[in-house]
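Add 182 to the 1-based position in the sequence shown for the numbering used here, that's all there is to it. Virtual Cβ for every residue (Gly too), placed ideally from N, Cα, C. Quick caveat, the model's predicted, so the values are computed rather than measured.
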Amino acid sequence: YTLVLSFLLIYTLIGCKNKTSENRDTANISKEEQQKPNIVLIYTDDLGYGDISSFGATSIETPAIDALANEGIAFHNAYATAATCTPSRYSLLTGDYAWRKKGTGVAKGDQSLLIDTARTTLPGMLKTAGYKTGIVGKWHLGLGGEDGPDWNGKIAPGPLEVGFDYSYLIPATGDRVPCVFVENHHIVNLDPNDPINVNYKEKIGDWPTGKENPEQLSLKPSQGHNNTIVNGISRIGYMEGGKAALWDDETIPMELVDKSKKFIQAHTNQPFFLMLSTHDIHVPRVANKMFQGKSSMGARGDVILQLDWTVKQIMEELKDQNLLDNTIVVFSSDNGPVIDDGYHDRARELLGDHQPTGGMRGGKYSAYDGGSKIPLIIRWPDGNNKGMVSNALFSQVDFLRSFAKLIGVEKLGNDVIDSQDRLSVLLGDDKIGRTSLVQESFMGPLSFLEGHWKYIEPLEGPKYVPWGPIIETGFQMEPQLYDLKNDPNEKNNLAEKFPEKVKDLREKLVNLKKD
Ligand code: NG6
Ligand code: CA
């Protein structure tokens, strides 16, 4: 059944592509390559399930994202593999749970590349199948070899060594130094006479820091974030030099949209995969003037509007390039939401009754569903199951095998352990999806979810994220068992009532860890 449907879909896409590509110079592209649909993945940062109007937000309007849901399928039971950025992205790109690999917690800004260059990856698979692959925006998976990135030289290995043809990166996060863009192997606009130095252990150079020069800050930190000041904002980590290369926080989205558009324009006549990995809505939340004060929720709301603008720009570009009928657009987030993630941006004071997790327990970092249950929308070019809401269970780790299936790649390396072909879920046809999945919390317990049961392994640790975001971690000395069907907000621990269920799920998790 699934096979027939995928065949039908590809068949429809071939028809569309032929329609729109008549006038293009297709001399050098094989017929097979022309037939494949483009994939644009808009991967947002820290956007909560409840942060967009099509997923229930009422304090904010996100019309461009909602339009995607109206023209596509909204997935209400989809998960990132983890409650923070680095492991979620690792899983999405490699098809494996990140906890299988040491050191994939939140990466430092000078971390070396975390993805083994020899392994199978999502972009690598697509590239082999004839796609041009590009990533624009946040990376946060490390750069460089064992000694980390050579900021003043060739920065490699990185995305180009794990399957991307093009990269334009925020190397780590907006709140970590160096605050520069890296295009392919080099920092953009770096003046060789003003070399850049980065240090995550101790202060380097004489640039002011948030700790020593708070009077120079336009945005004050609430947790950590008191190292080098760049653009009036103190960051995590120390840097000096590279003045001409520093980004402007207020125009990061415009820069990323611009580079995304250029990538799309350069590949209108061959299949492409674009991963637009936004800085929004991560901290520091510094909206462009266009959006400042435009939401009722202060900076956090303003950057949600800014994110919606980004989506609008990309959709307009696809329309202008006549690519909408041959491009799959995927929209999702890397982990759950957080209100105060380290700066006094008044997110908490101005929140009103907005619920970033949509009411779920926990949030970013947490083992509870608020940590990794995220919004997912897919717009199929042929309007397949348009406007549908799917409750099928899906994990972002499945994109690799699902897209491989879609484009007819049959063989993948046996290093891909966890990714499952769930194309029929993505198409809206399979209404059940995965039977189980694992969620990773930040430095905390793993959870095993099967059907409507969720087991959280017992582990000693702080009940709340210790540095201040006011989020429950999920650490408990006793095992936890929740019935997500009757108790979606994980309030009643049923572990004592159903010891057999606990035993069963614990064993399944233990066995999975052995794979
Ligand atoms: C934390 C930072 C937080 C954010 C997070 C990574 C502090 C106090 N907090 O350590 O602000 O940067 O790391 O977020 O430093 S993520 O979305 O990239 O995983
Ligand atoms: Ca994140």
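Three-state secondary structure assigned by DSSP to residue i
i, result
"GLN621", "strand"
"TYR272", "helix"
"SER241", "coil"
"PRO403", "strand"
"GLY552", "helix"
"LYS320", "strand"
"LEU605", "helix"
"TRP635", "strand"
"ASP207", "Residue placement at ASP207 is flagged as unreliable, the pLDDT there being 41, under the threshold of 50; a coordinate-derived value is accordingly withheld."
"THR492", "helix"
"HIS688", "Residue identity differs from the one stated: residue 688 is Arg in this sequence, not His. Of the three classes helix, strand and coil, the one that applies to ARG688 here is helix, per DSSP."
"ASN668", "coil"
"GLY330", "strand"
"PRO557", "strand"
"VAL485", "helix"
"LEU532", "coil"
"VAL571", "strand"
"SER236", "helix"
"VAL359", "coil"
"GLU678", "coil"
"ALA260", "strand"
"SER294", "coil"
Spatial neighbours of residue i in its chain, beta-carbon cut-off 8 Å, leaving aside the 5 residues before and after
i, result
"THR286", "THR268, PRO269, TYR272, ALA280 and LEU296"
"ILE411", "TRP389, PRO390, THR391, GLY392, ASN395, GLN398, LEU399 and ARG417"
"LEU532", "SER478, MET479, GLY480, ARG482 and GLY483"
"ASP612", "THR184, ALA574, ARG604 and SER606"
Under 7 Å between C-beta atoms of residue i and residue j
i, j, result
"THR302", "VAL598", "yes"
"GLY626", "GLY643", "yes"
"ASP347", "THR315", "yes"
"THR539", "GLY569", "no"
"LEU428", "SER442", "no"
"PRO331", "ILE510", "no"
"TYR664", "LYS685", "no"
"SER515", "THR240", "no"
"ARG561", "LEU229", "no"
"LEU594", "VAL222", "no"
"VAL579", "GLY345", "no"
"PRO435", "GLN488", "yes"
"ILE247", "ASP462", "no"
"LEU304", "LEU582", "yes"
Chain-order list of residues whose beta-carbon lies under 6 Å from that of residue i (same chain, five-residue window excluded)
i, result
"LYS201", "At LYS201, the pLDDT of 37 sits below 50, so the modelled position is not reliable and the matter cannot be decided from this model."
"HIS367", "LYS336, ILE337 and ALA338"
"PRO377", "ASN334 and GLY423"
"VAL607", "ALA574, PHE576 and GLY615"
"ALA311", "ILE589 and VAL591"
"LEU372", "GLY424 and ALA427"
Below-7 Å beta-carbon distance, residue i vs any chain D residue
i, result
"LYS336", "Considering every chain present, this structure includes no chain D. It has just one protein chain."
Anticipated Cβ contact below 8 Å, residue i with residue j, distance rounded
i, j, result
"PHE483", "ILE653", "A quick correction: the sequence has Gly, not Phe, at residue 483. With 8 Å as the limit, GLY483 and ILE653 do not qualify as a contact, their Cβ atoms being about 19 Å apart."
"ASN419", "VAL359", "For the record, residue 419 in the displayed sequence is Gly; it is not Asn. Indeed, because the Cβ distance is near 4 Å, the residues count as touching under 8 Å."
"GLY353", "GLY291", "Before going on, a small fix: residue 353 reads as Pro here, not Gly. Indeed, because the Cβ distance is near 7 Å, the residues count as touching under 8 Å."
"ASP551", "ARG543", "7 Å"
"SER786", "GLY610", "Because the chain spans 183 through 697 in this model, residue 786 falls outside it and cannot be assessed."
"ALA265", "SER577", "Actually they are not in contact, since the Cβ atoms of ALA265 and SER577 sit about 13 Å apart, beyond 8 Å."
"ILE559", "ILE369", "Not quite, the Cβ-Cβ distance comes to about 34 Å (not below 8 Å), so this is no contact."
"ASP430", "ASN413", "7 Å"
Cutoff 7 Å; reference residue i; Cβ partners in own chain excluding five residues on either side
i, result
"LEU631", "SER618, LEU619 and GLN621"
"TYR350", "VAL318, PHE363, GLU365 and LYS441"
"SER623", "ALA265, TYR547, SER548, ALA549, GLY553, THR655 and GLY656"
"GLU328", "SER294"
Practice item. Determine, using beta-carbon pairs with one atom in the stretch 247-266 and one in the stretch 547-567, whether at least three such pairs fall under 8 Å. Key: yes
Point to revise | Cβ contact check for the stretch 461-475 and the stretch 517-533: 3 or more pairs under 8 Å | key: yes
Review point. Would you call the stretch 224-238 and the stretch 599-608 touching, i.e. three or more CB-CB distances under 8 Å?
Key: no
Practice item. Decide if the stretch 433-449 is in contact with the stretch 484-500; the criterion is three or more beta carbon pairs, one per stretch, under 8 Å apart. Key: yes
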